[in-house]
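Protein chains in written order, with the numbering used here: chain A, 24 to 282; chain B, 3 to 386.
Using N, Cα and C, we set each Cβ at its ideal position, and we do this for glycine too.
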Amino acid sequence: MKIIVCVKQVPDAKDVRLDPETNTLAREGVQSIMNPYDQHALEEAVRLKEQLGGEVTVLSMGPPQAVDVLRQAISCGADRGVLVSDRAFAGADTWATSYTLAKAVHKIGDFDLILCGKQAIDGDTAQVGPGLAIQLDIPFVTCIQKVREVDDKGLVLERMMDDGYDVVAVSYPALLTVVKDLNEPRIPSLKGKMKAKKAEFEIFSAEDVGADSTCIGLAGSPTQVVNVFPPPPRGKRAVLTGTVEEQIEQLVEKLAVYL
Amino acid sequence: MDYFFSEEQSMIVEIAKQITDERIIPHRAELDEKDEFPREILKSMAQADLFGVPIPEEYGGFGGGCLDIVLALEQLGRGCIGVGTAFAASALGVYPIIISGSDELKERYLPSVATGEKYAAFGLTEANAGSDASGIQTTAVLDGEEWVLNGTKQWITNGGEAQIYTVVAITDRKKGARGASMFVVEEGDVGFSCGPKEKKMGIRASSTTELIFKDCRIPKDRIVGRAGTGFITVMKTLDSSRPGIAALGLGIGQACLDEATTYAKQRVQFGKPIIAFQAVQHMLADMAIQLEASRALVYSAAKHIDAHPKDMSKVSSMCKVMATDMAMKVSVDTVQVMGGYGYMREYPVEKMMRDAKILQIYEGTNQVQRNVIGQELNKEYSRK
Chain A
24 MKIIVCVKQV
34 PDAKDVRLDP
44 ETNTLAREGV
54 QSIMNPYDQH
64 ALEEAVRLKE
74 QLGGEVTVLS
84 MGPPQAVDVL
94 RQAISCGADR
104 GVLVSDRAFA
114 GADTWATSYT
124 LAKAVHKIGD
134 FDLILCGKQA
144 IDGDTAQVGP
154 GLAIQLDIPF
164 VTCIQKVREV
174 DDKGLVLERM
184 MDDGYDVVAV
194 SYPALLTVVK
204 DLNEPRIPSL
214 KGKMKAKKAE
224 FEIFSAEDVG
234 ADSTCIGLAG
244 SPTQVVNVFP
254 PPPRGKRAVL
264 TGTVEEQIEQ
274 LVEKLAVYL
Chain B
3 MDYFFSEEQS
13 MIVEIAKQIT
23 DERIIPHRAE
33 LDEKDEFPRE
43 ILKSMAQADL
53 FGVPIPEEYG
63 GFGGGCLDIV
73 LALEQLGRGC
83 IGVGTAFAAS
93 ALGVYPIIIS
103 GSDELKERYL
113 PSVATGEKYA
123 AFGLTEANAG
133 SDASGIQTTA
143 VLDGEEWVLN
153 GTKQWITNGG
163 EAQIYTVVAI
173 TDRKKGARGA
183 SMFVVEEGDV
193 GFSCGPKEKK
203 MGIRASSTTE
213 LIFKDCRIPK
223 DRIVGRAGTG
233 FITVMKTLDS
243 SRPGIAALGL
253 GIGQACLDEA
263 TTYAKQRVQF
273 GKPIIAFQAV
283 QHMLADMAIQ
293 LEASRALVYS
303 AAKHIDAHPK
313 DMSKVSSMCK
323 VMATDMAMKV
333 SVDTVQVMGG
343 YGYMREYPVE
353 KMMRDAKILQ
363 IYEGTNQVQR
373 NVIGQELNKE
383 YSRK
């Protein structure tokens, strides 16, 4: 089974600050980690490989230092790492990112399954996984909490819902996004770390993947971030006490001011 | 302080640190409370290849030396020495095979211990033979193609949890210490059973039981080394393993210093944090001095032992005494710095203090270690 896992390097959520001047995320001096949801996607991919055989390729789009997360992925059991990196990708929104990743997947070649984290903890959009599936024209199932069955044709999955879960069957090729309930990511092994130290990664540029320059980066992004700001502090609050009747009376009194 | 570790050693530290922070610390209070063996934690350690560190490469391990295992155990000890003891005891259980075993025994037992698929245990102590290993009562008699073992081992770490046991038994009573031999007993061997789990003051995540042999018959080739070499194997095993116990002491010492200093910065009395008071500062300073000095000795002793020197016993005993006495003192002082909070089970330091005590007792009491050091000094200076 050939599995591709999409991973993103994100700032550690324990250490997030906004730059007060620009109102964007302050990245300098902030530790970078592999997006936590992606760690669960990787773990599941490695487990599927251990069960069924095959190969796990990790794919990331980002600046050159994002190879750090690819290296971490190798230490946790991935076989191969690909970084899509080019200045031309800068400013990409989720649609341009999905397009770029789809181009990279085409270049990587055959696959049965793509696994992504449900969302990245920096952008929090949860759009890139589904966007990538649309670009590749393959089915996708989001928020997987459990793989019930797996064979050489497809999978039976549990999709987490607000009130319980759906059971979904899907055949290959498919894309899944996963939640943290799916598994507990392993700690890198000594063998894995040694392998990761020596690992070399393929770096794809916009040209390498044959990307249309109007579809990537800022130019290819329909979404433009106009302003980022901390939410205004909450207004004055009051807690009403007493019996329900008394509370209703107090509430009516307070609302009467606005009539 | 930077000890300039190799890249591989830094990897071992990173892995053991991550396991300690993510898998051990969140669960240690519960394991202690319930006397629960840390199966899941040991599984994650196996997956991370830690069990392979002390096993030779040709048998599926990493061929790590004393310092490598010390670095892993120091980190694990920072989390819980009960878990650290369960891990260390598996290495201790196969040291006799690594040191004196035949190639066949190595081939048969080491690979599954290296992967953490099986655990090992070391059976030396008996009711009347602890620090005095020569008082062993358990016997092994050759009957045709089989050894027949009879006797009871006491306080054996990983008892009931291990699948592979190295056991010392007397094969020739007349020869005293030279009449002891080492054997491998497997879980499930007829006539072999483990007693109930002992109830302990500390290291409650580890399992401690009796090993009971009643006409236990094992194949002739399960002897480790030649008959009569058991005692030498025991001594060499303990010389290699004691720095690991010292490392658990370093772990406790570091955890205590972290807890005590963090607390002293937060706790306000008489209008200022108590770390501003000299009485507290001096206690913390003494902890840090003893910890760092112990660490320097343990690391250098471990490196020294990796070169298999003649004075291995002395150096190994020295680092065990220093680091474990330090762990006891520092943990008691940490409880003192934290006052009533330190005494409460809600905080981790009372457990550290209970746990620390065993380090001065097992793998040879610190009094016996001092005997060893004294005897070695006597020998050394007789030669001069």
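Any C-beta of chain A under 8 Å from that of residue i
{"i": "phenylalanine 64 of chain B", "result": "yes"}
{"i": "alanine 116 of chain B", "result": "no"}
{"i": "glutamine 1 of chain B", "result": "This structure leaves residue 1 of chain B out entirely; chain B is present only between 3 and 386."}
8 Å contact criterion, which residue i and residue j should meet: CB distance rounded
{"i": "serine 55 of chain A", "j": "aspartate 42 of chain A", "result": "Going by Cβ atoms, the distance from serine 55 of chain A to aspartate 42 of chain A rounds to 17 Å, so no, they are not a contact pair."}
{"i": "alanine 18 of chain B", "j": "alanine 74 of chain B", "result": "4 Å"}
{"i": "isoleucine 144 of chain A", "j": "asparagine 58 of chain A", "result": "6 Å"}
{"i": "threonine 245 of chain B", "j": "cysteine 82 of chain B", "result": "Looking at the sequence shown, residue 245 of chain B is not threonine but proline. 19 Å between Cβ atoms; not a contact."}
{"i": "cysteine 200 of chain A", "j": "glycine 140 of chain A", "result": "Note on identity: in this sequence residue 200 of chain A is threonine, with cysteine being the wrong assignment. Sure, about 7 Å apart at Cβ, within 8 Å."}
{"i": "lysine 267 of chain B", "j": "isoleucine 254 of chain B", "result": "Actually they are not in contact, since the Cβ atoms of lysine 267 of chain B and isoleucine 254 of chain B sit about 21 Å apart, beyond 8 Å."}
{"i": "isoleucine 14 of chain B", "j": "aspartate 70 of chain B", "result": "6 Å"}
{"i": "serine 212 of chain A", "j": "alanine 50 of chain B", "result": "5 Å"}
{"i": "arginine 385 of chain B", "j": "valine 323 of chain B", "result": "That pair is no contact at about 23 Å."}
{"i": "valine 300 of chain B", "j": "alanine 281 of chain B", "result": "The Cβ separation is near 29 Å, so there is no contact."}
{"i": "isoleucine 101 of chain B", "j": "lysine 312 of chain B", "result": "Going by Cβ atoms, the distance from isoleucine 101 of chain B to lysine 312 of chain B rounds to 16 Å, so no, they are not a contact pair."}
{"i": "phenylalanine 233 of chain B", "j": "alanine 171 of chain B", "result": "About 11 Å; that fails the 8 Å criterion."}
{"i": "valine 374 of chain B", "j": "cysteine 258 of chain B", "result": "With 8 Å as the limit, valine 374 of chain B and cysteine 258 of chain B do not qualify as a contact, their Cβ atoms being about 27 Å apart."}
{"i": "leucine 205 of chain A", "j": "valine 191 of chain A", "result": "With a Cβ gap of about 14 Å, leucine 205 of chain A and valine 191 of chain A do not count as contacting."}
{"i": "leucine 286 of chain B", "j": "alanine 303 of chain B", "result": "No, leucine 286 of chain B and alanine 303 of chain B are not in contact; Cβ-Cβ is about 26 Å, not under 8 Å."}
{"i": "alanine 197 of chain A", "j": "arginine 94 of chain A", "result": "Wrong, their Cβ atoms sit about 27 Å apart, outside the cutoff."}
{"i": "glycine 153 of chain B", "j": "phenylalanine 194 of chain B", "result": "The pair is not a contact, with the Cβ atoms about 11 Å apart (cut-off 8 Å)."}
Residue from the options with nearest C-alpha to residue i
{"i": "aspartate 135 of chain A", "options": "A:Met84, A:Met184 and A:Leu71", "result": "A:Leu71"}
{"i": "valine 170 of chain A", "options": "A:Lys37, A:Gln32 and A:Ala64", "result": "A:Ala64"}
{"i": "glutamine 139 of chain B", "options": "B:Trp149, B:Val282 and B:Leu126", "result": "B:Leu126"}
{"i": "threonine 168 of chain B", "options": "B:Tyr121, B:Arg206 and B:Asp174", "result": "B:Tyr121"}
{"i": "threonine 211 of chain B", "options": "B:Ile26, B:Phe39 and B:Arg25", "result": "B:Phe39"}
{"i": "glutamate 24 of chain B", "options": "A:Gln168, A:Ile210 and A:Asp185", "result": "A:Ile210"}
{"i": "arginine 294 of chain B", "options": "B:Met314, B:Val282, B:Leu252 and B:Ala88", "result": "It is worth fixing the name first, because residue 294 of chain B is glutamate in this sequence and not arginine. Measuring from the Cα of glutamate 294 of chain B, the nearest candidate turns out to be B:Leu252."}
{"i": "isoleucine 26 of chain A", "options": "A:Val128, A:Val90, A:Lys37 and A:Asp109", "result": "A:Val128"}
{"i": "aspartate 109 of chain A", "options": "A:Glu207, A:Glu225, A:Met217 and A:Asp189", "result": "A:Glu225"}
{"i": "tyrosine 61 of chain B", "options": "B:Val339, B:Lys108 and B:Glu32", "result": "B:Lys108"}
{"i": "alanine 123 of chain B", "options": "B:Arg219, B:Glu10 and B:Cys196", "result": "B:Cys196"}
{"i": "isoleucine 166 of chain B", "options": "B:Gly137, B:Gln377 and B:Ser92", "result": "B:Ser92"}
{"i": "threonine 231 of chain B", "options": "B:Lys331, B:Ser8, B:Phe185 and B:Leu259", "result": "B:Phe185"}
{"i": "glutamine 156 of chain B", "options": "B:Gly79, B:Thr117, B:Gly146 and B:Pro198", "result": "B:Pro198"}
{"i": "glycine 218 of chain B", "options": "B:Leu94, B:Glu189, B:Pro275 and B:Val236", "result": "Inspection of the sequence shows that residue 218 of chain B is occupied by cysteine rather than by glycine. Taking only the C-alpha atoms, the option nearest cysteine 218 of chain B is B:Glu189."}
{"i": "threonine 237 of chain A", "options": "A:Val202, A:Trp118 and A:Gly52", "result": "A:Trp118"}
Residue-level contact to chain B via CB, residue i, 8 Å cutoff
{"i": "alanine 212 of chain A", "result": "At residue 212 of chain A the sequence reads serine, which differs from the alanine that was named. Yes, because at least one Cβ of chain B sits closer than 8 Å to the Cβ of serine 212 of chain A."}
{"i": "lysine 216 of chain A", "result": "yes"}
{"i": "arginine 209 of chain A", "result": "yes"}
Those residues which DSSP pairs with residue i across a bridge
{"i": "asparagine 152 of chain B", "result": "B:Thr141"}
{"i": "lysine 274 of chain B", "result": "B:Gln271"}
{"i": "glutamine 32 of chain A", "result": "A:Met57"}
{"i": "valine 81 of chain A", "result": "A:Val28 and A:Gly104"}
{"i": "isoleucine 158 of chain B", "result": "B:Thr211"}
{"i": "cysteine 139 of chain A", "result": "A:Cys29 and A:Thr200"}
{"i": "serine 194 of chain A", "result": "A:Gly177"}
{"i": "phenylalanine 163 of chain A", "result": "A:Leu198"}
{"i": "proline 221 of chain B", "result": "B:Glu148"}
{"i": "valine 187 of chain B", "result": "B:Tyr167"}
{"i": "tyrosine 188 of chain A", "result": "A:Met183"}
{"i": "lysine 169 of chain A", "result": "A:Glu181"}
{"i": "serine 195 of chain B", "result": "B:Ile214"}
{"i": "phenylalanine 227 of chain A", "result": "A:Val107"}
{"i": "leucine 361 of chain B", "result": "According to DSSP, which records beta bridges pairwise, leucine 361 of chain B is partnered with nothing at all."}
{"i": "phenylalanine 124 of chain B", "result": "B:Thr168"}
Self-check item: Contact list for the stretch 41-59 of chain B against chain A, Cβ threshold 8 Å
Solution: Listed in sequence order: Ser46, Gln49, Ala50, Asp51, Leu52, Gly54 and Val55.
Quiz item: Which residues, in chain order, does the stretch 15-41 of chain B contribute to contact with chain A at a C-beta distance below 8 Å?
Solution: Glu16, Ile17, Gln20, Ile21, Glu24 and Arg25
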